[in-house]
Amino acid sequence: MTFDPLVIRKDFPIFDRKIRDGKRLVYLDSGATSQKPSVVIDAESNFYRNHNAAAHRGAHQLAEEATEALESARSVVADFLGGATDEIVFTKHSTEALNLLAYSIGDSPAGNVFHLKAGDEVVVSEMEHHANLIPWQQLAKRTGAVLKWFEVTPDGRLDLSDIESVITSRTKIVALTHQSNVLGTINPLAELVKRTHDVGAIFILDACQSVPHMPVSVAALDIDFLVFSGHKSVGPTGVGVLWGRASLLAELPPFLFGGSMIENVTMLDATWAPAPRKFEPGVPNMAQIVGLGVALNYLTKIGMQEIHNHENTITKYAISKLREIEKLKIIGPTDMKLRGGAVSFTLGEIHPHDLGQFLDNSGIAVRTGHHCAWPLTRKMGVAATTRASFYLYNTLEDIDDLADGVRDAQKYFA
Ligand SMILES: Cc1ncc(COP(=O)(O)O)c(C=O)c1O
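So for the sequence shown, numbering that gives the first Met the number 0 puts the first residue at 0; every next one is plus one.
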């Protein structure tokens with residue numbers, strides 16, 4: 000099947016609607032959340048219409064069907080990431096998955112492989128989304144561990160020149176983003192994972208901006224944990240994924256406690272079901288999990304490599320068009336070998352919020368602000384940026400509209 004974004008757009012009902020008094024929707028905010036194809040919307044609705052019951056609980060046919068639907072979605076996610084089914088934990092989103100890790104690590108008793116003591120080190124980077132920064136800041140405060148980080152170079156790459164003094168024999172956890180949601184930078188994981196494992200630490204990958212956009216194999220990357228969000232991967236909101244090596248999930252204490260995550264309970268104590276169940280208390284977001292399975296099958300059918308190639312074409316074109324605009328400065332690498340499809344920029348003295356509103360009047364949806372990566376925007380010397388982020392349904396025409404809109408804004412605010 001040849002990749003054609005115009006055909007793909009037909010799968011997404013939102014592109015049938017008009018925006019701001021009859022304008023075509025130019026959706027360039029997939030980094031925040033992606034649009035959903037009909038198959039995903041229908042799968043959620045179908046679950047509620049035909050199979051709704053509490054998975055893993057009832058003794059009746061509907062409960063059996065709900066359990067079967069949820070567990071097949073788990074297999075789909077496992078296949079998508081190249082992991083095992085028992086290594087997939089469903090959460091509400093990546094933010095919850097990262098908090099799960101930080102809290103569970105913080106609760107690990109002495110003798111446990113995850114136990115953190117004062118003086119142990121946790122490593123992040125200046126380009127982390129707040130979701131992969133604040134949980135580790137808080138964990139460091141709770142345990143007395145030391146938070147360290149890789150700095151970002153002026154052109155928006157991780158500065159690895161000092162890798163040996165950032166990741167040291169005291170390092171216990173390294174938690175880094177695969178692709179920056181602001182700069183688009185794709186980080187060189189091989190070197191980082193190797194150094195992490197050489198010092199006996201655990202590598203956690205925030206794959207929110209990579210899993211939806213390129214082939215990602217947990218085995219090939221040799222990482223220990225990975226998180227991503229369903230809603231950024233053409234799936235529903237309300238479902239995130241934590242993948243962890245089976246041997247590590249077995250050691251990790253649970254984060255939330257309650258029904259369905261236990262093996263045995265007395266009035267004074269409880270023991271835990273094996274992973275992934277011990278991390279999934281409460282009735283899960285079943286319809287959303289089922290929708291995520293359908294979403295990942297949809298992406299697989301189109302082809303993750305094809306999606307990645309398409310986004311590279313769009314991003315390369317966007318960078319070349321935007322660079323022609325006077326006073327426009329791209330914040331992040333412009334070399335396609337170093338980046339994926341999120342392009343942030345400033346436009347002279349025009350405030351990104353004003354630019355965003357101006358573009359919105361033409362039906363062009365971009366994101367403006369610090370993109371939940373405040374330390375990074377500060378480091379790059381800007382208060383805020385405008386970000387255009389791309390996905391499988393974007394076209395070169397979308398980019399032309401963006402570039403025209405930016406030029407019009409420049410004239411308007413002159
Ligand atoms: C790199 C990165 N990490 C984490 C998150 C948090 O994702 P969620 O809000 O789905 O939990 C985002 C969301 O934008 C992100 O871009």
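From the three backbone atoms N, C-alpha and C, an ideal C-beta is built for every residue, glycine too. These numbers were taken from a predicted model, which means no experiment stands behind them.
Taking 7 angstroms as the cut-off, is the beta-carbon of residue i closer than that to any non-hydrogen atom of ligand 1?
i, result
"Ala230", "As written in the sequence, residue 230 is His, which differs from the Ala given in the question. It does: the Cβ of His230 is within 7 angstroms (strictly closer) of some heavy atom of ligand 1."
"Gly380", "no"
"Ser343", "no"
"His212", "no"
"Ser388", "no"
"Thr176", "yes"
"Ala31", "yes"
"Gly243", "no"
"His128", "yes"
"His92", "yes"
"Gly239", "yes"
"Gln208", "yes"
"Asn180", "yes"
"Asn51", "no"
"Asn131", "yes"
So, for residue i: in the same chain, excluding its five sequence neighbours on each side, which residues have a beta-carbon less than 8 angstroms away from its beta-carbon?
i, result
"Gln287", "Glu43, Gly229, Gly234, Pro235, Thr236, Gly237, Val238"
"Ala274", "Asp85, Glu86, Val88, Gly243, Ala245, Leu248, Ala249, Leu251"
For the alpha helix (DSSP H) containing residue i, list its first residue and its last residue.
i, result
"Arg8", "4 to 8"
"Leu346", "Where Leu346 is concerned, there is no enclosing alpha helix (DSSP H), although the beta strand (DSSP E) it sits in stretches over 341 to 346."
"Val210", "Here Val210 belongs to no alpha helix (DSSP H), and DSSP marks it neither H nor E."
"Asn45", "37 to 45"
"Ser319", "303 to 322"
"Glu190", "188 to 197"
"Val405", "395 to 411"
"Ala274", "Here Ala274 belongs to no alpha helix (DSSP H), and DSSP marks it neither H nor E."
"Leu220", "217 to 220"
"Leu97", "93 to 105"
"Ala139", "133 to 142"
"Lys378", "373 to 378"
Starting from residue i, trace the beta strand (DSSP E) both ways and give me its first and last residue.
i, result
"Val122", "120 to 124"
"Ala53", "Note, Ala53: premise wrong, no beta strand (DSSP E); not H, not E."
"Ala269", "269 to 271"
"Glu262", "261 to 264"
"Thr66", "Run containing Thr66: none in the beta strand (DSSP E); it sits in the alpha helix (DSSP H), 60 to 80."
Note down, in chain order, each residue of its chain lying with its Cβ closer than 6 angstroms to the Cβ of residue i, except the 5 sequence neighbours on either side.
i, result
"Ala31", "Arg366"
"Ile201", "Ile172, Asp223"
"Ser103", "Leu251, Pro252, Phe254"
"Leu358", "Val365, Gly404"
"Pro374", "Glu125"
"Asp397", "Val25"
"Ala402", "Lys320"
"Arg8", "Phe14, Tyr392"
"Ser209", "His177, Gln178, Val215"
"Ile162", "Arg194"
"Glu120", "Val145, Lys147, Arg169, Thr170"
Can you tell me which residues form a DSSP beta bridge with residue i?
i, result
"Val225", "For the sequence presented, residue 225 should be read as Leu rather than Val. Leu225 is bridged to Leu204, Trp242."
"Ala364", "Tyr26"
"Arg386", "Ser343, Arg366"
"Lys17", "Arg23"
"Trp148", "Val123"
"Arg156", "DSSP, once it has assigned bridges, lists no residue as partnering Arg156."
"Leu327", "Leu346"
May I ask you to check if the CB of residue i is nearer than 7 angstroms to at least one heavy atom of ligand 3?
i, result
"Asp205", "This structure lacks ligand 3; the ligands present are ligand 1."
Quick check on residue i - is its C-beta less than 8 angstroms from some C-beta in chain D?
i, result
"Glu262", "Note that chain D does not occur in the displayed structure, where there is just one protein chain."
Got a sec? Which residues, its chain only, sit under 7 angstroms from residue i by beta carbon, not counting five neighbours each side?
i, result
"Val165", "Val122, Lys147, Phe149"
"Val192", "Phe202, Leu220, Asp221, Ile222"
contact_flag[the segment 124 to 135, the segment 279 to 294] where n(CB pairs < 8 angstroms) is 3 or more | no
Count the CB pairs spanning the segment 53 to 62 and the segment 192 to 208 that are closer than 8 angstroms, and state whether there are at least three.
-> no
Touching or not, the segment 300 to 313 and the segment 111 to 118, by the rule of three or more beta carbon pairs under 8 angstroms?
-> no
Within the chosen definition, does the segment 9 to 29 reach the segment 258 to 272 through at least 3 CB pairs nearer than 8 angstroms?
-> no
Meets three-Cβ-pair contact criterion under 8 angstroms: the segment 366 to 382 and the segment 301 to 320 = no
Segment contact, 8 angstroms Cβ cut-off, at least three pairs: the segment 76 to 83 with the segment 321 to 331 | no
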